[in-house]
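Peer 1:
2 protein chains.
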Amino acid sequence: MEGPFLAVDWGTTNRRAWRVGADGAAEAEEQDGRGILSVAPGGFAAEAAAIRGRLGDLPMLCAGMAGSNRGWVETPYLPCPADLDALAGSVAWVEPGRTALLPGVAMRGDRPDVMRGEEVQLLGAVAAGLAPPDGLLCQPGTHCKWADMAGGRLAGFVTAMPGELFALLKAHSLLGAQLGGAVAPGPAFLEGVADSGADLLSRLFGIRAAALLGRRGDGDAASYASGLLIGTDVAARDVAGRDVHVLADPALGALYAAAISARGGRAYAVDSHAAFLAGIIALWRLL
Amino acid sequence: MEGPFLAVDWGTTNRRAWRVGADGAAEAEEQDGRGILSVAPGGFAAEAAAIRGRLGDLPMLCAGMAGSNRGWVETPYLPCPADLDALAGSVAWVEPGRTALLPGVAMRGDRPDVMRGEEVQLLGAVAAGLAPPDGLLCQPGTHCKWADMAGGRLAGFVTAMPGELFALLKAHSLLGAQLGGAVAPGPAFLEGVADSGADLLSRLFGIRAAALLGRRGDGDAASYASGLLIGTDVAARDVAGRDVHVLADPALGALYAAAISARGGRAYAVDSHAAFLAGIIALWRLL
Chain A
1 MEGPFLAVDW
11 GTTNRRAWRV
21 GADGAAEAEE
31 QDGRGILSVA
41 PGGFAAEAAA
51 IRGRLGDLPM
61 LCAGMAGSNR
71 GWVETPYLPC
81 PADLDALAGS
91 VAWVEPGRTA
101 LLPGVAMRGD
111 RPDVMRGEEV
121 QLLGAVAAGL
131 APPDGLLCQP
141 GTHCKWADMA
151 GGRLAGFVTA
161 MPGELFALLK
171 AHSLLGAQLG
181 GAVAPGPAFL
191 EGVADSGADL
201 LSRLFGIRAA
211 ALLGRRGDGD
221 AASYASGLLI
231 GTDVAARDVA
241 GRDVHVLADP
251 ALGALYAAAI
261 SARGGRAYAV
271 DSHAAFLAGI
281 IALWRLL
Chain B
1 MEGPFLAVDW
11 GTTNRRAWRV
21 GADGAAEAEE
31 QDGRGILSVA
41 PGGFAAEAAA
51 IRGRLGDLPM
61 LCAGMAGSNR
71 GWVETPYLPC
81 PADLDALAGS
91 VAWVEPGRTA
101 LLPGVAMRGD
111 RPDVMRGEEV
121 QLLGAVAAGL
131 APPDGLLCQP
141 GTHCKWADMA
151 GGRLAGFVTA
161 MPGELFALLK
171 AHSLLGAQLG
181 GAVAPGPAFL
191 EGVADSGADL
201 LSRLFGIRAA
211 ALLGRRGDGD
221 AASYASGLLI
231 GTDVAARDVA
241 GRDVHVLADP
251 ALGALYAAAI
261 SARGGRAYAV
271 DSHAAFLAGI
281 IALWRLL
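Each protein sequence line maps, in turn, to chains A and B.
With my numbering as the guide, the letters of the first sequence map in order to residues 1 to 287.
With my numbering as the guide, the letters of the second sequence map in order to residues 1 to 287.
(1) Measure the alpha-carbon distance for A/Gly-35 versus A/Gly-141 and round it to whole angstroms.
(2) Hey, quick one: how far does the alpha helix (DSSP H) through B/Arg-208 stretch, first residue to last?
(3) I need the straight-line Cα distance from B/Cys-62 to B/Ala-248, nearest angstrom please.
(4) What are the start and end residues of the alpha helix (DSSP H) that includes A/Glu-2?
(5) Any idea which residues DSSP pairs A/Cys-144 with across the strands?
(6) Decide yes or no for the touch test of the region 216-224 of chain A against the region 166-181 of chain A: beta carbon pairs closer than 8 Å, at least 3 of them.
(7) Taking only the alpha-carbon atoms, compute the straight-line gap between A/Ala-127 and A/Ala-210 and give it to the nearest angstrom.
(8) Identify whether B/Val-8 lies in helix, strand or coil by the three-state DSSP scheme.
(9) What number of angstroms, rounded off, separates the C-alpha of B/Trp-146 from the C-alpha of A/Arg-19?
(10) DSSP state of B/Gly-64, grouped into three classes?
(11) Run the CB neighbour count on A/Gly-109, radius 10 Å, all protein chains shown included, and call it buried at 16 or more, exposed below.
(12) Between B/Cys-138, B/Arg-52, B/Pro-96 and B/Ala-25, which has its C-alpha nearest B/Asp-243's C-alpha?
(13) Using DSSP with H/G/I as helix, E/B as strand and the rest coil, what is A/Ala-102?
(14) Would you be able to state if there are at least three C-beta pairs under 8 Å between the region 62-76 of chain A and the region 247-265 of chain A?
(15) Would B/Val-73 pass as an interface residue toward chain A - the criterion being a Cβ-Cβ separation below 8 Å?
(16) Taking the continuous beta strand (DSSP E) assigned at A/Pro-79, which residues delimit it?
(17) Report the start-end ranges of each beta strand (DSSP E) in the region 109-138 of chain A that is 3 residues or longer and not cut off at the edges.
(18) Measuring CB to CB, does B/Ser-196 end up less than 8 Å from B/Gly-227?
(19) Within 8 Å (strictly less), CB to CB, does A/Glu-164 reach chain B?
(20) How many whole angstroms separate the CB atoms of A/Met-1 and A/Leu-287, which I take to be in contact at a CB cut-off of 8 Å?
(21) Output the boundary residues of the alpha helix (DSSP H) element that contains A/Val-20.
(22) Measuring alpha carbon to alpha carbon, tell me which of B/Gly-231, B/Leu-55 and B/Gly-135 ends up nearest B/Glu-29.
(23) Sorry if obvious, but does the Cβ on B/Trp-284 come closer than 7 Å to a heavy atom of the ligand ZN?
(24) Indicate whether at least one CB of chain A lies closer than 8 Å to the CB of B/Asp-220.
(25) Spell out whether any CB of chain A is found under 8 Å from the CB atom of B/Leu-168.
(26) Is the Cβ-Cβ distance between B/Phe-205 and A/His-273 less than 8 Å?
(27) Would you say A/Leu-130 and A/Asp-23 are within 8 Å of each other, going by their C-beta atoms?
(28) Given that a residue counts as buried once 16 or more other Cβ atoms are within 10 Å of its Cβ, and exposed if not, what is B/Asp-199?
Structure (structure tokens):
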């Protein structure tokens, strides 16, 4: 479709929305904590109306969890390899010509996996020339996606949960009191990366032992724990000698870049919001 | 020392106490949730008096977290290799001849680690002939200890936290709603063991993906998750072709035995309470 529209990246806990002009430029933007978990069942139409009230009364294309089984209308998972044409061909129109939800993508082989929303970033990054059409892309977060792109299509992916595990350990575990410090990609983080991998379950306990024995200050414990978790995630991928394009905010992206580098890979930062916009604008044109 | 006494295994969340007769037989026993976390600072003397009120006004020897920095009186960590003589030589007498706390054991090398209480079980198992003087012992639990015994002494150990991680995932994670089922060492558990190891962080997310894609019923998810976590713990030890003596209650011991067997080891069950009693009685005689 042509003309201006509203692009919404509707996550589990957060949401971003943009007004995109007829020329493809982002004219206005908002971001808030109105992810799907904060929207009551039946409340999505009112949320969409409120977004239109703020950003303009325009047609709307939503990516992400709005199409999940806890969202507005459930949309299917497309198989891999997936591309922009396939995504555009499977949108669900909540209101024809006015509000559409994108599908997700699934892996249904030996290692079942799912994504909703990340595929727009991934395919957008390639479409905009921010990442190569063949290669490994990484999207850190609560759940980190690692995507293999081939011929510009999303060929396969795997999801890990280092971010959620760090949050659980900090909020609820025996280690919680030690993990309140800032996380930075310095020596303690790299020590964690060096110790990461197959024995994560005992290296985590070592954080407590090191404190009891006076071996590491609690100011470094959070960075070390983050290094253990992100390092374990990176160690399970095949990054040595490879380029990895990382779509993340700068702080989290720097941690992944440090771990990828420590494991022998080369990390390149990609602006994840620019990638998302490039993807969803391309999808809108295909509808 | 000779004569009857009270033996206390004072854990973080649980506590067991026995009256041991002059002949070394357990004459009475109690078990409750009065671990150190439920005892207010300054409340330990009253707890000991209450135990004496129920089990008899006898001298008392306490193992475990009563000697920790959140316990009654802090006792030191002894280095490895450690034996019963060394433990007996480092008890702290709260009241001379009447109430004593045992020390813990620490590893201070490249992989710092600590234990408090498990060493009594380990050395007691060997002293009683329940486990060999040279070999690998395993104590599953919230924190699982793996101990190398050499010449009847505790030569080294490592602690992993699969149990705490399972509890965190069940209580607080995205997977929580799926993990309410019973855990049994059947096909789903063994599938988890087969998938366990270096990519734990993505295999855990796969539990959610498998449910969304209709690939595994939630009734099996808890067993599969337990298999992933225990399997990852076991995979990090050198069990292939080895005997492993497992000190645990029957349910948890059966899970570890299944994982050890799947990884090519031979698991033998040891009565952990009999091992503790053998150890603490031997220690009492050495005081």
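In this text, a Cβ means the ideal position worked out from N, Cα and C, and glycines have one as well.
Peer 2: If we stick to the structure as given:
(1) The sequence position of residue 35 of chain A within the first sequence is 35, counting from 1. The sequence position of residue 141 of chain A within the first sequence is 141, counting from 1. Whole-angstrom Cα-Cα distance: 15 Å.
(2) As a first step, residue 208 of chain B is located in the second sequence; it is residue number 208 there, counting from the start. 200-212 is the span of the alpha helix (DSSP H), which, as asked, contains B/Arg-208.
(3) Residue mapping note: residue 62 of chain B aligns to position 62 of the second sequence, counting from 1. Residue mapping note: residue 248 of chain B aligns to position 248 of the second sequence, counting from 1. Rounded to the nearest angstrom, the two C-alpha atoms are 20 Å apart.
(4) Here residue 2 of chain A corresponds to residue number 2 of the first sequence, with the count starting at 1. Here A/Glu-2 belongs to no alpha helix (DSSP H), and DSSP marks it neither H nor E.
(5) Residue numbering aside, residue 144 of chain A sits at position 144 when the first sequence is read from its first letter. Partner(s): A/Ala-160.
(6) yes
(7) By 1-based counting over the first sequence, the position of residue 127 of chain A is 127. By 1-based counting over the first sequence, the position of residue 210 of chain A is 210. If I take the Cα positions, the gap works out to 47 Å.
(8) Translated into positions along the second sequence, residue 8 of chain B becomes position 8. Looking at B/Val-8 - three-state DSSP - the assignment turns out to be strand.
(9) Residue 146 of chain B sits at position 146 when you count from the first residue of the second sequence. Residue 19 of chain A sits at position 19 when you count from the first residue of the first sequence. Using only the alpha carbons, I get a separation of about 58 Å.
(10) The count along the second sequence starts at 1 and reaches residue 64 of chain B at position 64. B/Gly-64 falls in the strand class under three-state DSSP.
(11) Translated into the one-based positions of the first sequence, residue 109 of chain A becomes position 109. A/Gly-109 is exposed by the Cβ-count criterion.
(12) In the second sequence, residue 243 of chain B corresponds to position 243, counting from 1. B/Asp-243 has its Cα closest to that of B/Cys-138, out of B/Cys-138, B/Arg-52, B/Pro-96 and B/Ala-25.
(13) Translated into the one-based positions of the first sequence, residue 102 of chain A becomes position 102. Position check: residue 102 of chain A holds Leu in this sequence, whereas Ala was assumed. DSSP, read as helix, strand or coil, puts A/Leu-102 in coil.
(14) no
(15) Here residue 73 of chain B corresponds to residue number 73 of the second sequence, with the count starting at 1. False, the Cβ-Cβ gap to chain A never drops below 8 Å.
(16) The sequence position of residue 79 of chain A within the first sequence is 79, counting from 1. Segment 77-79, the beta strand (DSSP E) holding A/Pro-79.
(17) 113-115
(18) In the second sequence, counting from the first residue as 1, residue 196 of chain B sits at position 196. In the second sequence, counting from the first residue as 1, residue 227 of chain B sits at position 227. Yes; because the gap between Cβ atoms is below 8 Å, this pair is in contact.
(19) As a working note, residue 164 of chain A is residue 164 in the first sequence. By this cut-off, A/Glu-164 is an interface position.
(20) Within the first sequence, residue 1 of chain A is the residue found at index 1, counting from 1. Within the first sequence, residue 287 of chain A is the residue found at index 287, counting from 1. Right, the Cβ-Cβ distance comes to about 5 Å (below 8 Å), so this counts as a contact.
(21) Taking the first residue of the first sequence as 1, we reach residue 20 of chain A at position 20. Per DSSP, A/Val-20 belongs to no alpha helix (DSSP H); it is in the beta strand (DSSP E), 15-20.
(22) What you label residue 29 of chain B is simply residue 29 of the second sequence in a count that begins at 1. Here the closest residue by C-alpha is B/Leu-55.
(23) For the structure depicted, the ligand ZN is absent and the ligand set is empty, with no information on it obtainable.
(24) Position 220 of the second sequence, counted from the start, is the residue given in the question as residue 220 of chain B. For B/Asp-220, the answer is no, since every Cβ of chain A falls outside 8 Å of its Cβ.
(25) As a first step, residue 168 of chain B must be located in the second sequence, where it is residue number 168. Chain A, which has a Cβ nearer than 8 Å to the Cβ of B/Leu-168, makes this yes.
(26) The residue you call residue 205 of chain B lines up with position 205 of the second sequence. The residue you call residue 273 of chain A lines up with position 273 of the first sequence. A/His-273 is positioned such that its CB atom lies no closer than 8 Å to that of B/Phe-205.
(27) Stepping through the first sequence from its first residue, residue 130 of chain A is reached at position 130. Stepping through the first sequence from its first residue, residue 23 of chain A is reached at position 23. No.
(28) Residue 199 of chain B sits at position 199 when you count from the first residue of the second sequence. Result: buried.
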